[in-house]
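To convert, take the position in the sequence shown, counting from 1, and add 33; that gives our numbering.
Beta carbons are placed, not taken as given, at the ideal position from N, Cα and C, and that holds for glycine.
These numbers were taken from a predicted model, which means no experiment stands behind them.
Please read the structure below before turning to the comments.
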Amino acid sequence: MTKHEPLSDEQFAFYKKILTERKRELLKQVLSQDEDLDEIRGDVAADPLDAAGNASSLELMTTLGNHERLELAEIDNALQKIENGSYGFCEESGEPIHPMRLEAMPTARYTVQVQERLERTPQQRSRPRRRALKREDLPISTDDDE
């Protein structure tokens with residue numbers, strides 16, 4: 034594995050610009066979604082189907098908004114690292130993160146190797162796996178049960 038040099042001032046400026054632009058886009062989206070959420074919350078639907086549709090839309094928009102807010106937090110973290118000079122270094126190993134990884138994911142906190150190791154942690158492996166039900170596993174309903 035080859036070592037990578039720390040980022041230059043030009044690279045810091047490049048990533049800061051990318052992160053700042055993405056933050057601006059996300060803030061616009063979140064503000065727009067918040068306005069839409071307020072509108073949906075304000076709608077009083079007389080029809081139960083309309084009310085169910087509004088509830089479904091509200092849940093979807095809230096979930097989408099949460100994803101954007103999480104991404105905003107990651108961007109803020111990366112921008113703070115640029116300011117304090119720790120951007121581009123793995124939080125776990127302290128090694129420089131490859132510039133190609135940062136281009137693909139400017140909020141990357143770990144080198145590829147560390148990220149892969151973290152994804153293989155026992156917590157990830159110990160999650161119960163879904164299994165397909167077999168026909169014999171399904172409960173059988175009979176009319177005699179009534």
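Would you say glycine 121 and leucine 40 are within 8 Å of each other, going by their C-beta atoms? yes
Mind checking alanine 79: buried by the 16 CB within 10 Å criterion, or exposed? Low confidence applies here, because alanine 79 scores a pLDDT of 46, under 50, leaving its location unreliable; read the following figure in that light. Alanine 79 is exposed by the Cβ-count criterion.
Threshold first: 4 residues or longer. Then list the alpha helix (DSSP H) segments lying entirely within the region 101-149, N to C. 132-137
Starting from the C-beta of leucine 135, find all residues in its chain whose C-beta is less than 7 Å away, skip the five residues before and the five after it, and write them out in chain order. Tyr48, Gly121, Ala141
Measuring alpha carbon to alpha carbon, tell me which residue in His100, Lys50, Glu54, Ala46 is nearest valine 63. His100
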